[in-house]
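Residue numbers (the numbering used here): 96 to 322. We put the CB at the ideal spot given by N, CA and C, even for glycine.
Given below as structure tokens:
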């Protein structure tokens with residue numbers, strides 16, 4: 096529909112799925128429509144410039160924050176395996192542990208998807224398996240909130256018994272029962288960077304992919320591990 100309106104350019108936020116819809120990207124490439132991807136590079140949209148957050152470094156920062164507090168058994172609630180952002184966040188977690196010469200314990204890794212419900216299920220699994228985790232890094236804020244809500248409902252105190260870190264810095268995370276430590280993505284800068292790329296494309300210039308840093312926001316959901 097947008098192409099029928101003869102727009103000058105498009106910003107697209109891709110949907111990452113196991114079987115991504117590629118037809119729209121093929122059509123945009125064929126028409127040479129100036130297009131900027133707002134999100135991580137993936138094979139189906141790799142022909143276009145994109146603006147993304149450096150999720151590897153951001154996730155590494157989140158994990159290093161927990162390590163600095165004294166945590167060593169840090170659980171990771173991972174996102175969808177097919178999503179590049181989830182892959183990067185998991186890699187950042189692993190990298191932080193490797194740099195401290197801490198082995199990645201597969202018993203601390205739980206597949207959690209990207210929703211509150213999936214975070215809750217992962218937390219129950221973590222409790223059932225008695226993983227011994229003193230901290231959790233989650234794929235995003237929704238997963239973190241689902242996990243944290245379940246932990247609190249089960250009588251696990253945050254951060255006294257376990258610390259929780261999210262990713263995204265949503266309003267829900269800020270106003271959760273225990274305000275969440277999380278990663279703040281540079282939404283404003285991302286918008287500016289995307290517009291700069293679009294201006295280049297509209298001028299007939301080449302626009303390359305851009306990778307922006309994110310910031311750790313420390314709130315009340317993280318603290319030292321229990322004695």
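Item, Value
"The region 257-266 in contact with the region 153-169 per 3-pair CB rule at 8 Å", "yes"
"Any 3 or more C-beta pairs closer than 8 Å across the region 213-225 and the region 149-163", "no"
"Contact the region 279-289 vs the region 225-233: 3+ CB pairs below 8 Å", "no"
"Distance between beta carbons of residue 123 and residue 353, contact taken as under 8 Å", "Summary: the structure shown does not reach residue 353, with the chain confined to residues 96 through 322, and so no result is reported for it."
"Buried or exposed (CB count within 10 angstroms, at least 16 for buried), residue 321", "exposed"
"Where residue 310 sits in the DSSP three-state scheme", "strand"
"Residues near residue 185 by beta carbon distance below 6 Å, same chain, minus five either side", "173"
"Continuous alpha helix (DSSP H) stretch holding residue 288: start and end", "282-297"
"Simplified DSSP state of residue 220, which is helix, strand or coil", "helix"
"Nearest-angstrom beta carbon gap, residue 275 and residue 244 [assumed within contact, 8 Å]", "So it is not a contact: roughly 11 Å between Cβ atoms."
"Within 9 Å, strictly: CB atoms of residue 179 and residue 112", "no"
"Within the region 245-284, ranges of the beta strand (DSSP E) (whole runs, at least 3 residues)", "258-260 and 277-279"
"Alpha helix (DSSP H) segment containing residue 123, residue limits", "118-126"
"From 196, 297 and 114, residue whose alpha carbon lies closest to that of residue 176", "114"
"Close Cβ partners of residue 199 (< 6 Å) along its chain, the five nearest in sequence each way excluded", "189 and 192"
"Local Cβ density within 10 Å of residue 154, reported as buried at 16 or more and exposed below that", "buried"
"For residue 238, the three-state DSSP class (helix, strand or coil)", "helix"
"Backbone secondary structure at residue 130 - three-state DSSP", "strand"
"Span of the alpha helix (DSSP H), counted from its first residue to its last, around residue 192", "179-194"
"Three-state class that DSSP yields for residue 305 in the structure shown", "strand"
"Spatially closest choice to residue 236 from 278, 121 and 140, by CA coordinates", "278"
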